[in-house]
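Sequence order for the protein chains is F and W. Here our numbering is used: the first residue of the first sequence is 1, the next is one more, and so on. Here our numbering is used: the first residue of the second sequence is 414, the next is one more, and so on. All C-beta atoms in this analysis are idealised placements derived from N, C-alpha and C, irrespective of residue type, glycine included. Every value quoted in this text rests on a predicted model; they were computed, and no experiment measured them. Encoded as structure tokens, the structure appears first; notes follow it.
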Amino acid sequence: MSDVIEQGVRRTTLPQRMLEEDAPPETVRSLGGVRREDVFRLLGAAAAGIALTSWLFTQVAPFSGFLPFVLISYLFFVGFYAVLVAFDEGRVGVVDKLATVLFHSVAVVLLIALVGIVVFTMVRAVAGIIHLNFWTNDLSKGGPLDPLSDGGVLHAMIGTLIMISIALVISIPLGLVCAVFLAEFPGPFSRVVRTVVEAMTALPSIVCGLFIFATWVLLLGMPTSGLAAALAITIMILPIIIRSADVVFRLVPGNLKEASMGLGASHWKTVVHVMLPTSRSGLMTAIILGTARGIGETSPVLLTAGYTTFFNFNPFSGPMTSLPLATFSLVKQPSDAQIARGFGAAAVLMVLVFVLFLIARIIGGKGAGQLSDAGIRRARARSARVASRLERRRVSAFEFDDADEWTSGDLAS
Amino acid sequence: MTTTTIAPSLGDGVVPRKTTIVRGWQDHLFRALARSGGGLVLTLMGLVGLFLVIRGADAIHVAGWGFVTTQNWDPNAHDFGIAAVLVGTVTIASIAIVVAVPLALGTATFISEYAPEGIRRLLIGIVDLMAAIPSVVYGLWGAFWLDQAIVPVAQWISTYFGWIPIFAVPDFNANDPLATTTVFTSSALVAGLVVAMMVSPISASIMREVFAQAPIGEREGALALGSTRWGMIRTVVYPYGTGGIIGGIMLGLGRALGETIGVYLVISQVFTINLHILHAGTNSISSLIALRYGEANPFEMSALMAAGLVLFLITMAINFGASIIVSRSRSGAATE
């Protein structure tokens with residue numbers, strides 16, 4: 001139809017628009033392939049670097065220590081490597097090879113450091129977490145001078161679960177409603193809300209705690225409790241959940257929503273039956289990652305929960321502790337047993353985060369509307385049920401009058 | 414990615430048909446619910462800022478300009494200010510960013526451009542997971558390992574580079590056998606390194622996502638013109654991902670400024686400006702709040718609120734700056 005309007009007007013045409021259907025999806029071409037020279041150069045430069053550094057350390061300069069040895073040999077290695085490459089290639093080639101080496105080493109350094117941090121915490125935690133009582137008791141019997149076979153951190157685990165549950169009960173409905181509002185009712189008001197929410201994702205977590213401490217505890221005179229901590233966590237994770245849910249909602253294909261509207265569904269039905277199911281995996285990921293953030297933060301809880309070594313199942317009264325708060329409070333004490341327990345609590349916390357993260361990985365990682373195998377089977381079964389229901393209605397309608405406008409045959413496919 | 418739609422130009426006198434939308438009561442209810450949800454969140458978030466301003470105003474009013482120039486923190490004597498804690502916060506965050514940016518940029522480039530296909534997914538998983546590790550774990554590592562391990566390195570730096578003012582450690586004399594090396598622990602450097610480890614996976618994760626979206630056609634164009642892989646990265650991937658790089662750095666900076674526990678566990682708090690980053694003793698706004706909230710009377714609380722307000726304003730400014738830069742860049746739409 002636009003051809004008719006555009007006749008006689010010279011326009012730049014976009015040829016790929018027509019080809020898009022036929023063209024295979026673009027893939028990154030592999031630039032790999034290791035040449036023999038590359039390996040020889042690397043090995044040679046490494047050997048020369050280490051040898052020169054050993055000579056330097058033992059014969060020439062009064063250097064010592066493992067770290068300086070590694071650093072200096074690395075510098076020599078890079079130098080030798082550059083010289084070796086320069087035999088065969090020009091300046092551009094040398095720079096390229098050096099960049100390759102540098103990126104590899106930076107990535108290795110960061111990954112080693114990060115893995116080292118986790119392993120360090122886990123190793124220090126072993127002394128505490130191998131005792132069964134660590135998982136089943138509270139700390140009321142585990143004083144600074146008691147052995148590690150007394151006391152545990154179950155009270156902190158329960159506290160963490162209670163706090164995060166309350167926080168999620170508040171922040172999931174509120175966050176999703178707000179995200180739906182941002183996605184579905186664009187306008188000046190929603191722009192303001194979005195700006196403020198995005199700004200609030202950077203809110204320092206201690207400020208959340210400070211806010212709840214100043215309002216809930218000081219202004220309203222409530223005691224520090226699990227509920228206050230949960231409120232502080234809510235303030236912290238609410239913008240995080242809204243922001244990621246907003247992004248997920250924007251990925252819902254517009255034609256799905258339009259199809260629903262075109263079939264006569266109301267806005268509300270479209271949101272409930274099209275938008276939310278389509279973005280379910282993304283929303284789960286958003287919520288789980290928000291949860292991981294919420295259970296890991298110490299500072300909001302530090303100001304609002306109070307610290308206790310006893311079981312407390314009631315979030316409304318009495319202090320309640322969480323795993324990060326227990327870690328923080330324990331490792332500050334000058335006692336080896338308490339420090340070991342603190343590391344143990346940190347290890348439990350990390351395991352919890354690992355598990356949440358794995359769940360998020362398994363559920364998420366798919367775009368809106370992309371189904372897993374089981375999801376496809378369920379969707380097929382659903383549409384088969386609808387088809388058979390329509391079939392039944394067609395048969396019964398056929399019995400009463402000769403209506404033959406039902407054409408539900410293709411629905412099952 | 415921008416899609417250009419060519420709107421058909423309508424002829425004279427052709428007016429789009431007026432459409433009317435009939436909404437049922439469910440839709441009206443839904444609209445009201447969504448609006449009130451948005452309004453509630455806005456109120457809640459606005460309250461945080463408003464409350465900080467109202468409660469902090471009291472202390473700022475008493476302290477006047479002294480609030481930004483005084484180093485001491487003694488609200489009861491009306492002698493308090495954020496000069497020391499603010500400088501400490503900025504010092505720690507700067508060290509963190511100086512260390513984290515090369516690490517994050519290098520790792521993101523490695524994962525998106527160099528890593529073999531087989532281990533790429535694993536590396537992405539590790540980096541994303543590390544971004545979710547609680548900060549208290551990093552704090553433990555800093556307090557129980559790095560604090561001791563840094564001593565010989567810090568001593569070496571101060572011996573050979575002590576002529577640079579920030580690396581000087583004035584009250585340590587290497588020739589004095591009684592000199593204790595504890596002056597090298599609990600320093601801004603240790604805190605900065607802990608925070609750097611904390612923020613680099615976060616920044617790396619954002620940068621990698623943007624790098625991965627650099628258009629394949631342009632990459633292959635660069636390679637086809639004879640560019641090396643590094644040349645392609647420098648001329649295609651980095652220019653495309655500028656928004657992501659800056660966004661990642663700014664997000665990391667925001668986290669670094671606001672970090673509490675990782676810093677609190679490591680540093681020994683002093684209320685004087687200490688620019689010798691290798692020397693023990695520094696401070697940060699969030700550590701100040703964590704240290705002093707417990708026994709605070711209403712006026713001290715107001716002073717802490719004012720400090721919190723300053724931290725809040727700084728992080729807001731950085732966040733807004735980042736979002737403006739990111740939204741103007743080419744890859745901006747992708748990083749939202």
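Interface residues of chain C facing residue i [CB-CB closer than 9 angstroms]
i, result
"F/A156", "Considering every chain present, this structure includes no chain C. Its protein chains are F and W."
Given residue i as reference, the closest of the options once Cα atoms are compared
i, options, result
"F/R363", "F/M320, F/A286, F/S388, F/T327", "For the record, residue 363 of chain F in the displayed sequence is Ile; it is not Arg. With distances taken between Cα atoms, F/I363 lies closest to F/A286."
"W/M714", "F/L218, F/L356, F/G296, F/A346", "F/L218"
"F/P144", "F/P334, F/A384, F/S225", "F/P334"
"F/W216", "F/I376, F/L303, F/A347", "F/L303"
"F/T298", "F/T321, F/R280, F/F313, F/L390", "F/T321"
"W/F684", "W/I690, W/G675, W/W558, W/G694", "W/G694"
"F/V274", "F/D150, F/N312, F/E258", "F/E258"
"F/G375", "F/S281, F/E184, F/L238, F/V353", "F/S281"
"W/N696", "W/G501, W/N489, W/F480", "W/G501"
"F/P319", "F/T309, F/G49, F/I339", "F/T309"
"W/V550", "F/L276, F/F357, F/L323, F/L251", "F/L323"
"W/I473", "W/G634, W/P488, W/G459, W/L460", "W/P488"
"W/R534", "W/E633, W/R621, W/I686, W/P628", "W/R621"
"W/A506", "W/W486, W/F493, W/L724, W/A709", "W/L724"
"W/A496", "W/T482, W/W486, W/V503", "W/T482"
"F/G116", "W/V466, W/I539, W/S599", "W/I539"
Residue-chain proximity (residue i, chain W), Cβ-Cβ < 8 angstroms
i, result
"F/D96", "yes"
"F/G65", "yes"
"F/H104", "yes"
"F/A337", "no"
"F/L55", "Residue identity check: residue 55 of chain F is Trp in the sequence provided, not Leu. It does not; no Cβ of chain W falls within 8 angstroms."
"F/L19", "Reliability of the predicted coordinates at F/L19 is poor, the pLDDT of 49 falling under 50, and the value obtained from them is presented with this limitation in mind. Chain W contact via Cβ: absent."
"F/A259", "no"
"F/W216", "no"
"F/P181", "It is Phe, not Pro, that sits at residue 181 of chain F in the sequence shown. Closer than 8 angstroms: yes."
"F/M200", "yes"
"F/W268", "yes"
Assumed close pair residue i, residue j - CB separation to whole angstroms, cut-off 8 angstroms
i, j, result
"W/G531", "W/A719", "Between W/A719 and W/G531 the Cβ distance is about 54 angstroms, and since that is not below 8 angstroms, they are no contact."
"W/L463", "F/L174", "Not a contact, Cβ separation roughly 19 angstroms."
"W/L602", "W/I508", "6 angstroms"
"F/D150", "F/G142", "5 angstroms"
"W/S700", "W/Q682", "6 angstroms"
"F/A326", "F/L148", "Not confirmed; about 15 angstroms, so no contact."
"F/I237", "F/R194", "Going by Cβ atoms, the distance from F/I237 to F/R194 rounds to 17 angstroms, so no, they are not a contact pair."
"W/N586", "W/G667", "At roughly 40 angstroms, the Cβ-Cβ gap does not stay under 8 angstroms, so W/N586 and W/G667 are not in contact."
"F/D138", "F/F311", "5 angstroms"
Minimum Cβ-Cβ distance from residue i to chain F less than 8 angstroms
i, result
"W/V427", "no"
"W/G661", "no"
"W/I737", "no"
"W/Y551", "yes"
"W/V454", "yes"
"W/Q561", "no"
"W/Q519", "Looking at the sequence provided, one finds Gly at residue 519 of chain W rather than Gln. Interface residue, yes."
"W/Q682", "no"
"W/N489", "no"
"W/L535", "no"
Residue i Cβ short of 7 angstroms to the ligand GTP heavy atom set
i, result
"W/A627", "Within the structure as shown, the ligand GTP is missing, as the structure has no ligands at all."
Whole-angstrom distance between residue j and residue i, CA atom to CA atom
i, j, result
"W/M729", "F/R378", "45 angstroms"
"F/V247", "F/F181", "13 angstroms"
"F/L56", "F/A45", "16 angstroms"
"W/H491", "W/W478", "12 angstroms"
"F/R385", "F/M261", "23 angstroms"
"F/G65", "W/F624", "38 angstroms"
"F/L358", "F/V70", "35 angstroms"
"F/G409", "F/R250", "Legend: pLDDT at F/G409 = 45, less than 50; position of this residue unreliable, value from coordinates given subsequently. So the two alpha carbons sit approximately 33 angstroms from each other."
"F/V60", "F/V85", "28 angstroms"
"W/N710", "W/A716", "10 angstroms"
"F/S140", "F/G296", "23 angstroms"
"F/I164", "F/A99", "45 angstroms"
### Query
Would the region 99 to 112 of chain F and the region 508 to 522 of chain W be scored as touching if the rule is three or more Cβ pairs under 8 angstroms?
yes
### Message
Three Cβ pairs or more, each shorter than 8 angstroms: is that satisfied between the region 629 to 644 of chain W and the region 577 to 590 of chain W?
### Response
no
### Task
Would you check if the region 614 to 628 of chain W and the region 660 to 667 of chain W touch, i.e. whether three or more CB-CB distances between them fall below 8 angstroms?
yes
### Task
Could you tell me whether the region 340 to 350 of chain F touches the region 118 to 130 of chain F, where touching means 3 or more Cβ pairs closer than 8 angstroms?
yes
### Query
Does the count of Cβ pairs from the region 424 to 442 of chain W and the region 700 to 709 of chain W closer than 8 angstroms reach three?
no
#### Entry: the region 542 to 558 of chain W touching the region 664 to 683 of chain W, judged by at least three CB pairs closer than 8 angstroms
yes
### Query
Counting pairs of Cβ atoms below 8 angstroms between the region 576 to 584 of chain W and the region 540 to 549 of chain W, do you hit three or more?
no
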